[in-house]
Every structure is written in C-alpha cells, then in structure tokens.
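Enquirer: I am attaching a structure below and will ask some questions about it afterwards.
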Amino acid sequence: LRNRKQQNSKGNFLSRMALNDNKAGMEGLDRDKINKIIMDTSKGSRFYESELKREQQVNQRIEKMMLQKAQITEQQLKKAQTQVDKMVSELEKTCDLSRVIVHVDMDAFYAAVEMRDCPELKERPMAVGSMSMLSTSNYHARKYGVRAAMPGFIAKKLCPDLVIVPPNFNKYRAVSDEIREIFSDYDPHFQPMSLDEAYLDFTAHLEQRQSWPESSRTHRYRSQNEKQTRLHQEAEVTDLSPVLFEDSPTSSPSLPGSGGSTGGAFEVFGTSVEEAVREMRFRIEQKTTLTASAGIAPNTMLAKVCSDKNKPNGQFRLLSTRGAVMDFIQDLPVRKICGIGKVNEKMLKALGITTCSHLQQQMALLSLLFSETSWHYFMQISLGLGSTHIPRHEERKSMSTERTFKELSKPEEQFSLCRKLCEDLAEDLKKEGLKGKTVTLKLKNVNFEVKTRAQTLPYPVATAEDVFAVAKDLLKMEIENESPQPLRLRLMGNGLII
61 LRNRKQQNSK
71 GNFLSRMALN
81 DNKAGMEGLD
91 RDKINKIIMD
101 TSKGSRFYES
111 ELKREQQVNQ
121 RIEKMMLQKA
131 QITEQQLKKA
141 QTQVDKMVSE
151 LEKTCDLSRV
161 IVHVDMDAFY
171 AAVEMRDCPE
181 LKERPMAVGS
191 MSMLSTSNYH
201 ARKYGVRAAM
211 PGFIAKKLCP
221 DLVIVPPNFN
231 KYRAVSDEIR
241 EIFSDYDPHF
251 QPMSLDEAYL
261 DFTAHLEQRQ
271 SWPESSRTHR
281 YRSQNEKQTR
291 LHQEAEVTDL
301 SPVLFEDSPT
311 SSPSLPGSGG
321 STGGAFEVFG
331 TSVEEAVREM
341 RFRIEQKTTL
351 TASAGIAPNT
361 MLAKVCSDKN
371 KPNGQFRLLS
381 TRGAVMDFIQ
391 DLPVRKICGI
401 GKVNEKMLKA
411 LGITTCSHLQ
421 QQMALLSLLF
431 SETSWHYFMQ
441 ISLGLGSTHI
451 PRHEERKSMS
461 TERTFKELSK
471 PEEQFSLCRK
481 LCEDLAEDLK
491 KEGLKGKTVT
501 LKLKNVNFEV
511 KTRAQTLPYP
521 VATAEDVFAV
531 AKDLLKMEIE
541 NESPQPLRLR
551 LMGNGLII
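Just so you know, we're using the numbering used here here: the sequence shown kicks off at 61 and counts up by one.
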C-alpha cells in the first residue's frame, strides 16, 4: 500500500510541473512530450524534490477533503444550498457595471526589452533569468514549452538553442517609468501591479474624452517610414510587432485602424473606450518600441482575464452587461482566474470542477469543504464579480521587490544584495510618496523552501538606510540560525507594509 501511494504520488507529481497551456503563446503544444522532458530532466534535482514534497502535501489535503466529502449528508447539502442561494441574491445586488476598468500587461516584457536592445535575439528562442530560474521567455521559446518560473536547466532541455540572458532590472525599471508616464495620462491614480502590468479606471477619462477635439486625439509615429511599413504589414496580415515574434495572432486589433489617419505621419483615434485603449497601446509602442495587451471590463478580475484573450499586441473588451459577463464566465477555466493557483486548481479538479460554471453548480458543496474566505471568493468568481475600485497610491497596503539568482551563500554577497533591494524599494516608495512601519524579508533557499520574516517599527520609514537597517538584522538572524552551515539562498525579497 505504501509503495502504491508513493507511485501514485510520483505519477501525479507532473501536475505541479506540467505545461500550463492557459498562458499566451502556449496553445497547441505537444503536452505529453513537453511534460516527459520536464519530468525526466528534473528528477534528482532540488527543484524536483521540492515540488514532490509540495505535491505530496496537496495530495494529503485532497485525501482529507474527499473523506470529508463522503461524510456530507443530503440534509447538510440542502441547508448549505439555502445559505448559498441567499448569499448569491445578496451578492447580485452589489454588481456594479458602471465602471470601465482596464488591465494592461506588457508582452513578454523583460524579454522584449532585451530583444529591442539586442536585435539578433529577435529571431531566436530566448529567456531572461538563469539556469536556476527564468523570469520570462519570448514567444519563440514558448513554442517549446519554455515559460516563466521554470528552472533554466529544464528550459535548455526543452529548447537546446535557448539563449538565456541575465536580468537587468535597472533597465526594466527605466522602461517601466516611461510606460507609467503614459498610464497617468489616462488614470492619474492607476495601480501598478509590477513593472509590466497595471490596472486603470478609464471611466473619468472617457467622460472627458467625448468633448476632446481631434487634435487632442492625434499622435505621431516615430517616423513616416514606420507608418508605411506598418500599413504594408497590415495589408499582408503579418505581425505588427517585430520586437516579439513573427507569427503573432492576426485577430488582434491592429494599431493603424478604425480611428482614421491624417495621411501623414500621424494617427487619429476615436472617443470610444476601444479607441482610447488602442491609443494608449499605440503611445506605449511609439515611445518604447514594446507592445502591450489590454483587457477592458467592468471589474478588475474580468479585466485581467480579458488582457490575456488577444495576447500578444491585442486587446479585448467585455461588454458591461450582466448577460455578456455571465456568458463570458461560463466556460472559462478556473486556472485563468487570478487567485486560483496550482493547489486550488488541483483540489477543485478532484471534485470535477474545471470551469467557472462548475463552481456555481457545486457552490453548496464547496461551502462545506473550503474555508469561508475561499468559497466566498469562488462564489464571486462564478458570478463574474470583482473589484471596481482602483486603490489610490495612498491606499496601497504594501510594496516589495525581489530577485531570483544563482546560489548565494557568502554573507557579504547576501548583505550587498539586501542593500541593493532596499535601495530599489526606497526608490519606488519615493515615487509613490509612501512610508511604512513593517519591514519584511523574504528568503528562498536552494531547497526551494520559503521563509518570510518581519519587524514592525514605532515610526514609519521610507529611506534605503532605514529599511536596510532592519532588513540587515533580519538577514543576520537567519544566517546565524543556519550556522555553522552557510545560508544558501536563491531568492531574496524586501518589502514594506504601509
């Protein structure tokens, strides 16, 4: 019995490491072939052992859940269904379709920046990161199953010709600043989620835009030659984004489009939300030569899903009607939803739940098996509900920065990196005008075990010196706890809770 459990655990282990073809650029790949390479390459590595341990923990949770499910009576289900129906009725009343929320996600951002600055990489499969872990990959590499959060040594087995470029976060931050300047023209209180994505509320902008003269909606191409080239590309139905890859989906709205053209090196955009978002993406590309994808929807949850719909270099709008939202949600895989990761996906799958409509159908059962927080979130998802509020900068609850790297085990190198992270964090805090009292330190060791430590101060801080003074002590404590063995790290992150 023990051997059978071990075999089952190892046989099922692939689920954590398997190809996630819900991501843009991963569609239509040979899953079995890719998964076999991932499994064969990873066996015996620390990464494999870490994932195996996590998989076993999830399997134990599933076994416990299924035992609990077997003991649920019809009476309990009926009572739960009554509670669910009442809550659905209450939640439906909170549905707000009045806002226009946009989620913008840069296409393969780190990789795109590197390809822009090193053109010979454009035609090659490449990724940003190290042999230990990748941060992102271009679309050429994704055709081989190479993705973010994959160890580089596995990626090289999937794609032997893969070029791995070390990350340059100073460069990425500089480009991100340029992009954020454009975001602020459409929503001064936009919410950045990372260097390459943000949420914006376009509602106020669209109201103002209706009275704008054409001159305010006219933007210049970098050059007349570029416009002619792009119009020629559009006529031949080819990719509009030379930075990314050659065979982008042609269903995405092209940049020179329905807004009309002046006939010169300018582009005129309309007053609709589609035109406003298209204009924003156009301006980003003209300023940085990088492309962005966007989702337009009544709330943040749906907008994020929509931004992945026509990636890369595209946009998708979900109409703000209850019928359109529910039609969109019905067959949506649960894994597409932000907040449902590998663990919840597998636990839900064990219950036969793979789509959002399944969530709604099984909500009574879920209310008996999951925590209140979890099943309430599942219910909101199944109803297509999400936040319609973009927090202002002063409402942010935390800010952090982290880096993945090859093994660091020398204390002087660890303290040096910690200081650099504190400097980056302080720079972000200064831009946002924020301070915080709780300093956090996140560490991941070479066995992929994660620890988070925090210390709260009696006063708010924001400078690199003040944050580092605390983070340094937290790091020193962890180094001492490992002594006489070295603290062997592969990820470090510093944060501040506002």
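For glycine and all other residues, C-beta sits at the position ideal for the given N, C-alpha and C.
Please report how far the alpha carbon of Val162 lies from the alpha carbon of Glu473, in whole angstroms.
Expert: Here the question's residue 162 lines up with position 102 in the sequence shown. Here the question's residue 473 lines up with position 413 in the sequence shown. Approximately 41 Å, taken between the alpha carbons.
Enquirer: Where does Ile239 sit, in a helix, a strand or coil, going by DSSP?
Expert: As a first step, residue 239 is located in the sequence shown; it is residue number 179 there, counting from the start. In the three-state reduction of the DSSP assignment, Ile239 falls in the helix class, which pools H, G and I.
Enquirer: Between Ile94 and Tyr204, what straight-line distance do the alpha-carbon atoms span, to the nearest angstrom?
Expert: Counting from one through the sequence shown, the residue named residue 94 turns up at place 34. Counting from one through the sequence shown, the residue named residue 204 turns up at place 144. Those two C-alpha atoms are separated by around 8 Å.
Enquirer: Secondary structure at Glu509, three-state DSSP: helix, strand or coil?
Expert: As a first step, residue 509 is located in the sequence shown; it is residue number 449 there, counting from the start. Here Glu509 sits in coil by DSSP.
Enquirer: Would you decide whether Asn359 is buried or exposed? Buried here means 16 or more other CB atoms lie within 10 Å of its CB.
Expert: Walking along the sequence shown from the start, residue 359 turns up at place 299. Result: buried.
Enquirer: Which of the three DSSP states, helix, strand or coil, is assigned to Lys65?
Expert: If you number the sequence shown from 1, residue 65 lands on position 5. For Lys65, the predicted structure reports a pLDDT of 43, less than 50, and the residue's modelled location is therefore unreliable. A value from the coordinates is still provided. Note: Lys65 maps to helix in three-state DSSP.
Enquirer: Return the Cβ separation of Ser190 and Ile224 in integer angstroms, given the expectation that the two are a contact with Cβ distance under 8 Å.
Expert: One-based indexing of the sequence shown puts residue 190 at position 130. One-based indexing of the sequence shown puts residue 224 at position 164. Right, the Cβ-Cβ distance comes to about 7 Å (below 8 Å), so this counts as a contact.
Enquirer: Is it the case that the region 526 to 540 contacts the region 430 to 443, given that we only count it when at least three CB pairs across the two stretches are under 8 Å?
Expert: no
Enquirer: Can you tell me whether Asp167 is buried or exposed? The criterion is at least 16 other CB atoms within 10 Å of its CB, across all chains shown.
Expert: Start at 1 with the first residue of the sequence shown, and residue 167 comes out as number 107. That one is buried.
Enquirer: Report the partner residues of Arg550 according to the DSSP bridge assignment.
Expert: Locating residue 550 in the sequence shown gives position 490, counting from the first residue. In DSSP, Arg550 forms no bridge with anything.
Enquirer: Which same chain residues end up closer than 6 Å to Tyr259 when comparing Cβ atoms and leaving out the 5 residues on each side of it in sequence?
Expert: As a working note, residue 259 is residue 199 in the sequence shown. Within the same chain, Tyr259 has close Cβ partners His163, Gln251, Thr360 and Ile450.
Enquirer: Alpha carbon to alpha carbon, how far is Phe329 from Glu335? Give it in angstroms, no decimals.
Expert: Counted from its first residue, the sequence shown places residue 335 at position 275. Counted from its first residue, the sequence shown places residue 329 at position 269. The straight-line gap from Cα to Cα measures roughly 6 Å.
Enquirer: Check the DSSP bridge columns for Ile224 and list the partner residues they point to.
Expert: Taking the first residue of the sequence shown as position 1, residue 224 is located at position 164. Answer is Ala187, bridged to Ile224.
Enquirer: Starting from Val567, trace the alpha helix (DSSP H) both ways and give me its first and last residue.
Expert: Outside the displayed span of the chain (61 to 558) sits residue 567, for which this structure offers no information.
Enquirer: What did DSSP end up calling Gln375 once you bin it into helix, strand or coil?
Expert: Locating residue 375 in the sequence shown gives position 315, where the first residue counts as 1. Note: Gln375 maps to strand in three-state DSSP.
Enquirer: Could you check what DSSP says for Arg502 in three-state terms: helix, strand or coil?
Expert: One-based indexing of the sequence shown puts residue 502 at position 442. Rather than Arg, the amino acid found at residue 502 in this sequence is Lys. Three-state result, Lys502: strand.
Enquirer: Give, in chain order, every unbroken run of the beta strand (DSSP E) that is at least 3 residues long and sits entirely within the region 340 to 400.
Expert: 352 to 357 and 375 to 377
Enquirer: Looking at Pro211: is its Cβ nearer than 9 Å to the Cβ of Leu222?
Expert: What you label residue 211 is simply residue 151 of the sequence shown in a count that begins at 1. What you label residue 222 is simply residue 162 of the sequence shown in a count that begins at 1. No, the Cβ-Cβ distance between Pro211 and Leu222 is not below 9 Å.
Enquirer: If distances are taken between C-alpha atoms only, which option among Asn505, Val173, Ser469 and Ile557 comes closest to Arg233?
Expert: As a first step, residue 233 must be located in the sequence shown, where it is residue number 173. The shortest Cα separation from Arg233 among Asn505, Val173, Ser469 and Ile557 belongs to Val173.
Enquirer: To which residues of the same chain is Ile239 closer than 6 Å at the C-beta, ignoring the five residues directly before and after it?
Expert: Numbered from 1 along the sequence shown, position 179 holds the residue referred to as residue 239. Excluding residues within five positions, the ones whose Cβ falls inside 6 Å are Ile344.
Enquirer: Secondary structure at Arg280, three-state DSSP: helix, strand or coil?
Expert: By 1-based counting over the sequence shown, the position of residue 280 is 220. It is a strand residue.
Enquirer: Three-state secondary structure (DSSP) at Phe430?
Expert: What you label residue 430 is simply residue 370 of the sequence shown in a count that begins at 1. In the structure shown, Phe430 falls within a coil segment according to DSSP collapsed to helix, strand and coil.
Enquirer: Just the Cα atoms here: how many angstroms apart are Ser469 and Ile539?
Expert: If you number the sequence shown from 1, residue 469 lands on position 409. If you number the sequence shown from 1, residue 539 lands on position 479. Approximately 9 Å, taken between the alpha carbons.
Enquirer: Mind checking which residues open and close the beta strand (DSSP E) that includes Leu181?
Expert: Position 121 of the sequence shown, counted from the first residue, corresponds to residue 181. First-last for Leu181: undefined, no H or E at that position.
Enquirer: Which residue's Cα is closest to the Cα of Ser110: Glu509, Met186, Leu503 and Ser353?
Expert: For the purposes of this step, residue 110 is identified with residue 50 of the sequence shown, where counting begins at 1. Nearest option by C-alpha distance: Glu509.
Enquirer: May I ask you to report which of helix, strand or coil DSSP gives His200?
Expert: Walking along the sequence shown from the start, residue 200 turns up at place 140. Helix, per DSSP.
Enquirer: Taking the alpha carbon of Met407 as the reference point, which residue from Leu419, Arg106, Val118 and Leu556 has its own alpha carbon closest?
Expert: As a position in the sequence shown, residue 407 is number 347, starting the count at 1. With distances taken between Cα atoms, Met407 lies closest to Val118.
Enquirer: If you drop the 5 nearest sequence neighbours on each side, which residues of the same chain put their C-beta closer than 8 Å to that of Val394?
Expert: Taking the sequence shown and counting its residues from 1, one reaches residue 394 at position 334. Annotation for Val394: Ile400, Asn404, Glu405, Leu408, Ile413, Thr414, Thr415, Cys416, His418, Leu419 and Ile441 place their beta carbon closer than 8 Å to its own, counting only its chain and skipping 5 residues before and after.
Enquirer: For Gln128, count neighbouring Cβ atoms within 10 angstroms of its own Cβ and tell me buried if that reaches 16, exposed if not.
Expert: Reading the sequence shown from its first residue, position 68 is the one you call residue 128. Under this definition Gln128 is an exposed residue.
Enquirer: Suppose contacts are defined by Cβ-Cβ distances below 9 Å. Is Leu411 in contact with Ile132 by that definition?
Expert: Taking the sequence shown and counting its residues from 1, one reaches residue 411 at position 351. Taking the sequence shown and counting its residues from 1, one reaches residue 132 at position 72. For Leu411 and Ile132, no; Cβs fall outside 9 Å.
Enquirer: With DSSP collapsed to three states, give me the class of Met253.
Expert: In the sequence shown, residue 253 corresponds to position 193, counting from 1. Strand at Met253.
Enquirer: Buried or exposed, going by whether 16 or more other CB atoms sit within 10 Å of the CB of Thr516?
Expert: The count along the sequence shown starts at 1 and reaches residue 516 at position 456. Its Cβ having fewer than 16 others within 10 Å, Thr516 is exposed.
Enquirer: Please name the residue, chosen from Glu123, Ala424 and Asp387, that lies closest to Glu134 on a Cα-to-Cα basis.
Expert: By 1-based counting over the sequence shown, the position of residue 134 is 74. Of the candidates Glu123, Ala424 and Asp387, the one whose C-alpha sits nearest the C-alpha of Glu134 is Ala424.
Enquirer: Can you give the Cα-Cα distance for Pro544 and Asn505, rounded to whole angstroms?
Expert: As a position in the sequence shown, residue 544 is number 484, starting the count at 1. As a position in the sequence shown, residue 505 is number 445, starting the count at 1. The alpha-carbon atoms of Pro544 and Asn505 are separated by roughly 16 Å.
Enquirer: Nearest by alpha-carbon distance to Cys482: which of Gly553, Pro520 and Thr512 is it?
Expert: For this step, residue 482 is matched to residue 422 along the sequence shown. Residue Gly553 is the option with its Cα nearest to Cys482.
Enquirer: Under DSSP, the beta strand (DSSP E) around Glu467 begins and ends at which residues?
Expert: Indexing the sequence shown from 1 puts residue 467 at position 407. Here the beta strand (DSSP E) through Glu467 covers Ser458 to Leu468.
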